[in-house]
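Numbering (this note's numbering), first residue to last: 52 to 443.
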């Protein structure tokens, strides 16, 4: 198998989480930068990372990186890359996306056109053809310029990785599945800890938690553009998916609850949970946040409440945050995790957070306010378990 540089892109603030996910999958030479994580992997890494990364936006195969301040430099250095090693003679290779930040080359349409021309010229030299029908599998090319450094890569994912395939409806303040998974991972929630989302909307946070708890690969219910690539050995995608199905913990027991005041959203959440195969693990209910309660002594609240981005909504949202402070205080042995764009959240909530982390919900700069409750007492090991451990 080959060895490639692979890039997993991520929302700002989630890069370290994605790096940990990649490391857990067994891959090395990990470099963390703003908005992306680069690492070394083979063809199997392309399959596994698309299937298993919960917080990455997309997975790219890096073709090369170089400095270019003129279109001639962009053309010649792009042409010199080994395109035919990846793209077959009948491959479709659109320059699907281009970005330029603080670079002399800034016209995105020109960057795309020059890149396309360079790839065609490179392919001509290898395949001894003047024209390509592009009727085969798709190899979407991505060009990114940052301070005159060009990174050229091929998208292995297709649709963004947040599109798990289960979500049918969206609430008024949707949160991407990738960010929802990130919030849960940052909170260090585990399947044996109770979880409540009192603003669950269409159920994204509870569903992502249940998928984590049951060890369900987030990409199992969707397809990826690289599934049709010739460079990936026959049967590899099928084998990796089979292994993912076998890794699911069907017997896990979880206490996950999702509430929302809007009954229509609760119906949508229930359908989404069923689509994701985790409906038996989540209790959804139409209920105002002010009625928050639980019989569990310890647990975590993870939520994405309204932000009040419009000035007209600001006062009512701050009042809501006050109500949250009062309601959450009733669960005084629980930990709370709240993402919002409000810089005044702590003042309204009535308590300073234990930790605060800057994240982005789409283009909105947010803060992940984390309130750590007391640690639950360690579970006593029974005499039988103790004897078994001693024997081992």
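Glycine is no exception: its CB is placed at the ideal position from the N, C-alpha and C atoms.
Item: Buried/exposed call for residue 300, threshold 16 Cβ in 10 Å; Value: exposed
Item: Among 112, 417, 254, nearest to residue 312 - alpha-carbon criterion; Value: 254
Item: C-alpha distance - residue 148 paired with residue 84, whole-angstrom precision; Value: 20 Å
Item: Buried versus exposed, by CB contacts within 10 Å (16 or more), residue 70; Value: buried
Item: Uninterrupted beta strand (DSSP E) stretches inside the region 116-153 (no shorter than 3 residues); Value: 146-152
Item: Bounding residues of the alpha helix (DSSP H) (the contiguous stretch that carries residue 166); Value: 159-178
Item: Those runs of the beta strand (DSSP E) which lie wholly inside the region 313-338 and span at least 3 residues; Value: 333-337
Item: Cβ pair count under 8 Å reaching 3, the region 243-263 against the region 294-308; Value: yes
Item: Integer-rounded CB distance, given that residue 110 should sit under 8 Å from residue 100; Value: 5 Å
Item: Burial state of residue 405 (16 or more Cβ within 10 Å); Value: exposed
Item: Extent of the continuous beta strand (DSSP E) run through residue 87; Value: 87-92
Item: Validate contact between the region 322-335 and the region 279-297 using beta carbons, cut 8 Å, 3 pairs; Value: no
Item: Contact check, residue 316 vs residue 413, beta carbons under 8 Å; Value: no
Item: Beta strand (DSSP E) runs contained entirely in the region 207-292, provided each spans 3 or more residues; Value: 245-248
Item: Cβ pair count under 8 Å reaching 3, the region 348-360 against the region 380-397; Value: yes
Item: Neighbour-count burial assignment, residue 364, 16 or more Cβ in a 10 Å radius; Value: exposed
Item: Where residue 195 falls: helix, strand or coil (DSSP); Value: strand
Item: DSSP state of residue 297 mapped onto helix, strand, coil; Value: helix
Item: Burial state of residue 191, where buried means 16 or more other Cβ atoms lie within 10 Å; Value: buried
Item: Residues of its chain near residue 278, where Cβ-Cβ distance is below 7 Å and the 5 sequence neighbours each way are ignored; Value: 288
Item: Own chain partners of residue 442 with C-beta closer than 7 Å, once the 5 adjacent residues on each side are dropped; Value: Below a pLDDT of 50, predicted positions are generally treated as unreliable, and residue 442, at 41, falls in that range; no measurement from the model is reported.
Item: Uninterrupted alpha helix (DSSP H) stretches inside the region 363-424 (no shorter than 4 residues); Value: 396-400
Item: Cα-Cα separation, residue 302 to residue 231; Value: 24 Å
Item: Residue 437, DSSP secondary structure in three states; Value: Here residue 437 scores only 44 on pLDDT, less than 50, and its place in the model should not be relied on; the value that follows carries that caveat. Helix, per DSSP.
Item: Contacting residues, own chain, Cβ-Cβ under 6 Å from residue 349 (five flanking each side not counted); Value: 384, 427
Item: Proximity of residue 203 and residue 86 at Cβ, strictly below 8 Å; Value: no
Item: Alpha carbon of residue 198 to alpha carbon of residue 58, nearest angstrom; Value: 19 Å
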